[in-house]
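Everything below concerns the one structure shown next.
Chains as they are written, first to last, in our numbering: chain A, 1 to 109; chain B, 110 to 221.
Following this line, the structure appears as structure tokens:
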């Protein structure tokens, strides 16, 4: 069945460091791919999405490119801030949503 | 718009007790779903509904019941709570063909 695998955390970075969180997926066809973010005590919020191969989703300085050839959708940000500290979930959707296990990011000043 | 609301925020149950987690949305979304979030396992789909009167099972439906009598409400019932159901529960909704899913704030359930 469809599944998402993302890098295990936690990830701890200093402010202004470069961020990469790896995500790979298994699915037939061309699912839509997503990154969701969960801040402490809150529900998930959509961060960015891509619906077809080679699409790049971007929002708030975060980017991810839909790579069909490597079945990947890695999340990147060039310069993280303390306010980016959260749990990040990679997800795919064909009929229903499938989520990765989540990666906790902590950014220290 | 209140978005997706969930009650209660916290609940403690004893093994064998029953309860209903409430979920409501005011965005006229046809599609609603329930997830549970457990450490290291991400979110797993329990049940979902594509419209009033229609429900279906997700990845982990055992021990849970749902019904959808109106577009707005999608309650999740635990018939006989077990410690394995200790988790954080999220309700979500969206339009059927939309990519963006809206999540409620969650209910943290502990079963002793």
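We put the beta carbon where it would ideally sit given N, CA and C, even for glycine.
Note that the structure is a prediction, hence the values are computed from the model and not measured.
Quick one: is residue i near chain B, going by C-beta distance under 8 Å?
i: residue 60 of chain A; result: no
i: residue 96 of chain A; result: yes
i: residue 89 of chain A; result: yes
i: residue 101 of chain A; result: yes
i: residue 75 of chain A; result: no
i: residue 3 of chain A; result: no
i: residue 72 of chain A; result: no
Quick one: which chain A residues come within Cβ less than 7 Å of residue i?
i: residue 124 of chain B; result: The premise fails here: residue 124 of chain B is roughly 27 Å from chain A at the closest Cβ pair, so nothing lies under 7 Å.
Considering only the beta carbon of each residue, do residue i and residue j sit closer than 8 Å?
i: residue 220 of chain B; j: residue 195 of chain B; result: yes
i: residue 52 of chain A; j: residue 66 of chain A; result: yes
i: residue 187 of chain B; j: residue 150 of chain B; result: no
i: residue 155 of chain B; j: residue 185 of chain B; result: yes
i: residue 171 of chain B; j: residue 136 of chain B; result: no
i: residue 64 of chain A; j: residue 48 of chain A; result: yes
i: residue 157 of chain B; j: residue 199 of chain B; result: no
i: residue 10 of chain A; j: residue 70 of chain A; result: no
i: residue 211 of chain B; j: residue 112 of chain B; result: yes
Taking only beta-carbon positions, decide if residue i is within less than 8 Å of chain A.
i: residue 154 of chain B; result: yes
i: residue 172 of chain B; result: no
i: residue 183 of chain B; result: no
i: residue 149 of chain B; result: yes
i: residue 167 of chain B; result: yes
At a CB-CB cut-off below 9 Å, which residues of chain B make contact with residue i?
i: residue 42 of chain A; result: 212, 214 and 215
i: residue 93 of chain A; result: 208 and 210
i: residue 32 of chain A; result: 208
Could you work out which residues of chain A lie near residue i, taking near to mean beta carbons separated by less than 8 Å?
i: residue 141 of chain B; result: Correct list: empty, because the minimum Cβ distance to chain A is about 12 Å.
In chain B, which residues lie with their C-beta within 8 Å of the C-beta of residue i?
i: residue 49 of chain A; result: 208 and 209
Ends of the beta strand (DSSP E) at residue i?
i: residue 97 of chain A; result: 97-99
i: residue 131 of chain B; result: 128-134
Residues of chain A with CB under 9 Å from residue i, in chain order?
i: residue 199 of chain B; result: 43 and 44
Taking only runs of the alpha helix (DSSP H) that begin and end inside the stretch 151-205 of chain B, which ones reach a length of at least 4 residues, in chain order?
none
What are the complete beta strand (DSSP E) segments, minimum 3 residues, inside the stretch 38-109 of chain A?
44-50, 56-59, 62-65, 75-77, 86-93, 97-99 and 103-108
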